[in-house]
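**Student:** Position in the sequence shown counted from 1, then plus 24, gives you our numbering. By construction, the Cβ of each residue, glycine as well, lies at the ideal position given by its N, Cα and C atoms. For reference, the structure I am asking about is given below.
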Amino acid sequence: MSLYELQKLVCDVNRDPVSREAFFKDDEGFSLNYALSANERRAVLERNYGQLYAAGVHGLILRPFSLLHKVSETEYLDALRKACSLRADPQTGELI
Numbered sequence: 025m026s027l028y029e030l031q032k033l034v035c036d037v038n039r040d041p042v043s044r045e046a047f048f049k050d051d052e053g054f055s056l057n058y059a060l061s062a063n064e065r066r067a068v069l070e071r072n073y074g075q076l077y078a079a080g081v082h083g084l085i086l087r088p089f090s091l092l093h094k095v096s097e098t099e100y101l102d103a104l105r106k107a108c109s110l111r112a113d114p115q116t117g118e119l120i
């Protein structure tokens, strides 16, 4: 698990217009610039906010990321509520 890299990707997309444009143009290619596990990369590419939250991405950086993808507050909060009953394996990032 590489929580630092995962949160860095989210922060870069949130804050840097050049990174944001690159992410929206080619999210998979952009994600390869970060040392993510396969599960972390999949969560980013699938916009799985619950898994990202369970993996440790802080809600204060995750919510702006979800807003960039036009996720409603209800959808976002539902994903986080479901994730609260889950946790990520520290070795694989897989929800358990």
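(1) Please name the residue in Glu52, Ser26, Asn72, Lys32 whose C-alpha comes closest to that of Ser61.
(2) Checking 8 Å against the spacing of the C-beta atoms, do Phe54 and Ala67 come in under that value?
(3) Just to confirm the assignment, what range does the alpha helix (DSSP H) spanning Glu45 have?
(4) Return helix, strand or coil for Tyr58, following the three-state DSSP convention.
(5) Using beta-carbon positions only, say whether Val95 and Val34 come within less than 8 Å of one another.
(6) Between Leu104 and Arg44, what straight-line distance do the alpha-carbon atoms span, to the nearest angstrom?
(7) Do you know whose CA, among Thr98, Ala79, Glu97, lies nearest Ala107's CA?
**Tutor:** Walking through what the data contain:
(1) Ser26
(2) no
(3) 41-49
(4) coil
(5) no
(6) 23 Å
(7) Ala79
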